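In this note's numbering, the protein residues as written are -15 to 672.
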């Protein structure tokens, strides 16, 4: 038996793979101006990742054969069927054995049976194995051996799928790093049946994918399963139920659309309906809107009758959606949002102003309204006639963002603690979009106020959907050194405040591959959002080993140099404090010699994997593409900043290389900014 990287099924790993170039932690301390982690400021989350699996005297695989059958429920969902396919597919990669499959029709647990039960089968139901869906959540699950049978089941169907990956990890050392990069033991001829007693629950119940490389379609089966294998279901709002502006066309001529994720207040109560006395006199409620008309007034100008009518209308919108999107057909919808618009002003009426003084700002007024609406929604769900629409743990979220970013707390100087001025109901939560200084450690002085505010929100509610940022959105070609920020201790601390959902916005608009080592970010974020206790240095080294093989030391050196260079730029040019939109649009920031040196180092890295050119041409191309992806940003900076100073021949050399890379790696939709039209291709055409 041997451990290999996918697509290199016949070759062993060379002894030269890895190393320990400078340890990640020590290097981080060298390249960053941020102080060392002040661990006394941070709390540690105690997650549930129990991987008890000692070998038994029985065998899963013996003499290159296995007589196990993979069983799913007769009416299995597509997600559970996918779990079955993944189990069979990955098992075959490890053992070259094609397992048989079946449904559970007529089957019950037998001590002599040899079944791999996937999901809530009749086999499982005939045992005493407990699947606590509430404790496991949607994505967590259990793996249990009973007699000679193995039961794999999640709290929900997605958990069942994700437990297949936990099984493969424990059994065959499986890991996925990138669309075309996977590790798994191969040529396994003998494998003991393990006494699995595994419970694996993600530290963050929900995790939003953050880059389009996680969602692109591929013709290759393995590449197409990248999102699932990174244990993602969707982006930041995949669990949010749509709310309709004009249910069933009640208001004739009004637009019938829906809103789900962000900036949804105008979807709930569009001013085109409720603030138009001429067109919709029966629906006219001017007091529902803020003093400048752009936002809602959460006190209805102090008019209790109008406030009740406003809440009733919101309840109607909510219950319409709850009945339309039933739990049976849409089990993943477990929340709604009523979130303010971008770049608008809060209401400044007397009633709002007075209440804001009492409740710690407009955010307190907002929460008070949401609590009232949350109570109405909960009461409606618990009415006997609405039992079929009831959802456990259904939440409604507001934005903690812009003028509602600061938690409504006061400081108790005597006890030296913060105390909430208002708390959220159990079914109300905050969608917290906090702009921390992501190129410094979370405990740095620059992040002191941000960290305190996050801690304060933990006093107000345990239902927080985190929305952080992990890129320079002014230009994706600017290296963004958030590697010291989004560390295990960062995720662990956040989970202690709330572990409902984590989303770190990356280069969402970018398709194809990513440059500036953003593929490493995608991997690290996926791993640490699942288990905040993982070893950071080990994860990083594993990624470099898998993605670059013998070239790993050289490529890691370039990564560390890029990090050191960015930290130097931030300090030298006084750019700390610029957040996620720092302007580096000047030639001085991108010295030609530095960019050329990195290109040369990466070109030398390719020479270190040349042996695969004949041994495994497909793997060789993958490795070269992984390395060349990190050449895209230096090529961009050379041409953007230095083209007028290059000879025509040299400029054309760089242009031709970039054009080749675009075709070779399918980068036609690689973007430079959030706008999908701002592509690398369009930019290159403009300078050519």
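A virtual CB, placed ideally from N, CA and C, is assigned to each residue, including glycine. Every value quoted in this text rests on a predicted model; they were computed, and no experiment measured them.
Secondary structure note for residue 64: its alpha helix (DSSP H) is the uninterrupted segment 62 to 79. Distance from the CA of residue 420 to the CA of residue 563, rounded to the nearest whole angstrom, comes to 7 Å.
Each of 532, 622 and 165 was checked against the Cα of residue 586, and the nearest Cα belongs to 532.
The count of Cβ pairs closer than 8 Å, one atom from the region 139 to 151 and one from the region 207 to 220, reaches three, so the stretches are in contact. Excluding the 5 residues flanking it on each side, residue 76 has same chain C-beta neighbours closer than 6 Å at 82, in chain order. In this structure the region 629 to 637 does not lie against the region 606 to 617, because fewer than three pairs of beta carbons, one per stretch, are closer than 8 Å. Linking residue 511 to residue 333 through their CA atoms gives a straight-line distance of about 47 Å.
For residue 298, the uninterrupted alpha helix (DSSP H) segment begins and ends at 288 to 308. Taken through DSSP and simplified to helix, strand or coil, residue 143 comes out as helix.
In the DSSP assignment, residue 616 falls within the unbroken alpha helix (DSSP H) covering 616 to 626. According to the DSSP assignment, residue 174 belongs to no beta strand (DSSP E), since it is labelled neither H nor E. Counting along the chain, the unbroken beta strand (DSSP E) around residue 404 starts and ends at 401 to 404. Sixteen is the threshold: since fewer than 16 other Cβ atoms of the shown chains lie within 10 Å of the Cβ of residue 201, the residue is exposed.
Rounded to whole angstroms, the gap between the alpha carbons of residue 313 and residue 358 is 23 Å. Put simply, of 274, 250, 238 and 331 the residue whose alpha carbon is nearest the alpha carbon of residue 263 is 238.
Rounded to the nearest angstrom, the Cβ distance from residue 658 to residue 457 is 6 Å, consistent with a contact under 8 Å. Its Cα nearest to that of residue 52, the residue 44 stands out among 59, 598 and 44. Taking a cut-off of 8 Å on C-beta distances, the region 397 to 409 touches the region 440 to 457, as three or more cross pairs fall below it. For residue 211, the enclosing alpha helix (DSSP H) starts and ends at 210 to 213. Take residue 160, set aside five residues on each side of it, and the residues of its chain with a beta-carbon closer than 6 Å to its own are 166 and 213, in chain order.
Three or more Cβ pairs drawn from the region 324 to 341 and the region 260 to 279 lie within less than 8 Å of each other, which places the two stretches in contact. Proximity of the region 96 to 112 to the region 52 to 65 meets the contact definition, three or more beta-carbon pairs being nearer than 8 Å. Counting the other CB atoms within 10 Å of its CB gives residue 38 a total below 16, which places it among the exposed residues. Secondary structure remark: continuous beta strand (DSSP E) runs of at least 3 residues inside the region 469 to 542, in chain order: 485 to 489.
When DSSP reads this structure, residue 413 sits in a beta bridge with 381. In the three-state reduction of the DSSP assignment, residue 85 falls in the strand class. Distance check between residue 108 and each of 246, 598, 241 and 91 places 91 closest, using alpha-carbon atoms only. For residue 470 against residue 508, the beta-carbon gap comes to about 7 Å, under 8 Å, which counts as contact. Nearest to residue 227 by C-alpha distance, out of 642, 120, 253 and 665, is 253. In the DSSP assignment, residue 165 falls within the beta strand (DSSP E) that extends over 165 to 170. Its Cα nearest to that of residue 140, the residue 376 stands out among 376, 72 and 33.
In the three-state reduction of the DSSP assignment, residue 322 falls in the coil class. Secondary structure note for residue 161: its beta strand (DSSP E) is the uninterrupted segment 159 to 162. When 233, 590 and 32 are compared, the shortest CA-CA separation from residue 120 is found for 32. Taking 8 Å as the upper bound for CB-CB distance, residue 135 and residue 476 are not in contact here, some 30 Å apart. Residue 607 holds the alpha-carbon nearest to the alpha-carbon of residue 592 among 656, 607, 346 and 79.
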